[in-house]
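Residue numbers (our numbering): 47 to 158.
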(Lines of atoms letter the chains of each structure in order from A; the text may use other names.)
(Lines give C-alpha, C1' and ligand atoms only; values in the text may rest on other atoms or scores of the structure.)
Protein backbone atom coordinates (compact mmCIF):
# COMPACT_ATOMS: atom_id res chain seq x y z
CA UNK A 47 0.00 0.00 0.00
CA UNK A 48 3.08 2.28 0.25
CA UNK A 49 6.37 2.84 -1.52
CA UNK A 50 9.77 4.08 -0.42
CA UNK A 51 10.37 7.72 -1.42
CA UNK A 52 13.67 9.17 -2.60
CA UNK A 53 14.28 10.71 0.83
CA UNK A 54 13.84 7.33 2.57
CA UNK A 55 10.29 7.95 3.77
CA UNK A 56 7.13 6.12 2.79
CA UNK A 57 4.13 7.37 0.82
CA UNK A 58 0.84 5.94 -0.34
CA UNK A 59 1.21 3.90 -3.52
CA UNK A 60 -1.36 6.11 -5.27
CA UNK A 61 1.28 8.89 -5.26
CA UNK A 62 3.96 6.86 -7.03
CA UNK A 63 5.30 8.24 -10.27
CA UNK A 64 5.74 4.93 -12.09
CA UNK A 65 9.11 4.35 -13.70
CA UNK A 66 8.68 0.66 -14.53
CA UNK A 67 5.97 -1.81 -15.43
CA UNK A 68 6.41 -3.28 -11.95
CA UNK A 69 5.57 0.12 -10.43
CA UNK A 70 2.31 0.08 -12.40
CA UNK A 71 1.54 -3.46 -11.24
CA UNK A 72 2.13 -2.47 -7.62
CA UNK A 73 -0.16 0.54 -7.96
CA UNK A 74 -2.78 -1.65 -9.64
CA UNK A 75 -2.64 -4.14 -6.73
CA UNK A 76 -3.07 -1.26 -4.27
CA UNK A 77 -6.14 -0.01 -6.13
CA UNK A 78 -7.57 -3.54 -6.29
CA UNK A 79 -7.07 -3.83 -2.52
CA UNK A 80 -9.11 -0.64 -2.01
CA UNK A 81 -11.82 -1.94 -4.37
CA UNK A 82 -11.96 -5.29 -2.57
CA UNK A 83 -12.07 -3.59 0.83
CA UNK A 84 -15.04 -1.46 -0.20
CA UNK A 85 -16.82 -4.38 -1.89
CA UNK A 86 -17.48 -2.11 -4.86
CA UNK A 87 -19.47 0.32 -2.72
CA UNK A 88 -16.92 3.15 -2.65
CA UNK A 89 -17.56 5.38 -5.64
CA UNK A 90 -14.44 7.41 -4.98
CA UNK A 91 -11.73 5.71 -3.00
CA UNK A 92 -9.17 7.83 -1.16
CA UNK A 93 -6.60 7.36 -3.90
CA UNK A 94 -8.17 8.06 -7.27
CA UNK A 95 -7.17 11.72 -7.70
CA UNK A 96 -3.74 11.13 -6.18
CA UNK A 97 -2.86 9.30 -9.39
CA UNK A 98 -3.82 12.40 -11.39
CA UNK A 99 -1.66 14.59 -9.15
CA UNK A 100 1.26 12.21 -9.64
CA UNK A 101 0.75 12.26 -13.41
CA UNK A 102 0.80 16.06 -13.51
CA UNK A 103 3.88 16.17 -11.27
CA UNK A 104 5.62 13.65 -13.52
CA UNK A 105 5.11 16.02 -16.44
CA UNK A 106 5.84 19.30 -14.64
CA UNK A 107 8.25 20.07 -17.49
CA UNK A 108 5.25 20.18 -19.85
CA UNK A 109 3.67 22.93 -17.73
CA UNK A 110 7.03 24.71 -17.50
CA UNK A 111 7.01 25.19 -21.28
CA UNK A 112 4.41 27.91 -20.81
CA UNK A 113 4.92 28.92 -17.17
CA UNK A 114 7.63 27.92 -14.68
CA UNK A 115 5.50 29.09 -11.75
CA UNK A 116 2.71 26.68 -12.66
CA UNK A 117 5.18 23.80 -12.97
CA UNK A 118 6.68 24.62 -9.59
CA UNK A 119 3.24 24.91 -7.99
CA UNK A 120 2.15 21.55 -9.39
CA UNK A 121 5.28 19.86 -8.08
CA UNK A 122 4.99 21.50 -4.65
CA UNK A 123 1.28 20.64 -4.35
CA UNK A 124 2.03 17.02 -5.27
CA UNK A 125 4.82 16.82 -2.68
CA UNK A 126 2.59 18.28 0.07
CA UNK A 127 -0.26 15.92 -0.82
CA UNK A 128 2.12 12.95 -0.88
CA UNK A 129 3.82 13.93 2.38
CA UNK A 130 0.53 14.40 4.25
CA UNK A 131 -1.31 11.57 2.44
CA UNK A 132 -4.15 13.84 1.36
CA UNK A 133 -7.36 12.44 -0.02
CA UNK A 134 -8.20 14.77 -2.88
CA UNK A 135 -11.56 15.16 -4.53
CA UNK A 136 -13.14 17.35 -7.15
CA UNK A 137 -16.38 19.24 -7.55
CA UNK A 138 -18.34 19.31 -10.77
CA UNK A 139 -20.54 22.39 -10.70
CA UNK A 140 -20.89 25.42 -12.91
CA UNK A 141 -18.94 28.35 -11.48
CA UNK A 142 -21.04 31.32 -10.40
CA UNK A 143 -20.41 34.61 -12.15
CA UNK A 144 -20.80 36.48 -8.88
CA UNK A 145 -20.12 35.01 -5.48
CA UNK A 146 -22.13 37.84 -3.98
CA UNK A 147 -25.34 36.32 -5.30
CA UNK A 148 -27.22 33.42 -3.72
CA UNK A 149 -28.24 30.18 -5.39
CA UNK A 150 -31.07 31.97 -7.24
CA UNK A 151 -28.68 34.49 -8.75
CA UNK A 152 -30.11 37.39 -6.75
CA UNK A 153 -28.06 39.38 -4.31
CA UNK A 154 -29.20 39.66 -0.73
CA UNK A 155 -29.97 43.23 0.36
CA UNK A 156 -27.39 44.43 2.87
CA UNK A 157 -29.69 46.90 4.59
CA UNK A 158 -33.43 47.21 5.10
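Glycine residues also receive a C-beta, built at the ideal position from the N, C-alpha and C atoms.
In this text, all values refer to a predicted model and were calculated from it rather than measured experimentally.
Query raised in the report: From residue 75 to residue 113, what does the alpha carbon distance come to, in whole angstroms?
Result: 35 Å
Requested in this report: Starting from residue 118, trace the alpha helix (DSSP H) both ways and give me its first and last residue.
Outcome: 114-130
Report task. State whether the stretch 120-139 contacts the stretch 91-102, with contact taken as three or more CB pairs (one from each stretch) at a distance under 8 Å. Result -> yes
Query raised in the report: Roughly how many angstroms lie between the CA atoms of residue 91 and residue 132, to the nearest whole one?
Result: 12 Å
**Report entry** For residue 135, the three-state DSSP class (helix, strand or coil)
**Finding:** coil
Requested in this report: Give me whichever residues DSSP pairs with residue 48 in a beta bridge.
Outcome: 58
Query raised in the report: Looking only at its own chain, which residues have a Cβ that is under 6 Å from the Cβ of residue 110, when we skip the five neighbours before and after it?
Result: 117
**Report entry** For residue 104 and residue 63, believed in contact at Cβ under 8 Å, the rounded distance
**Finding:** 4 Å
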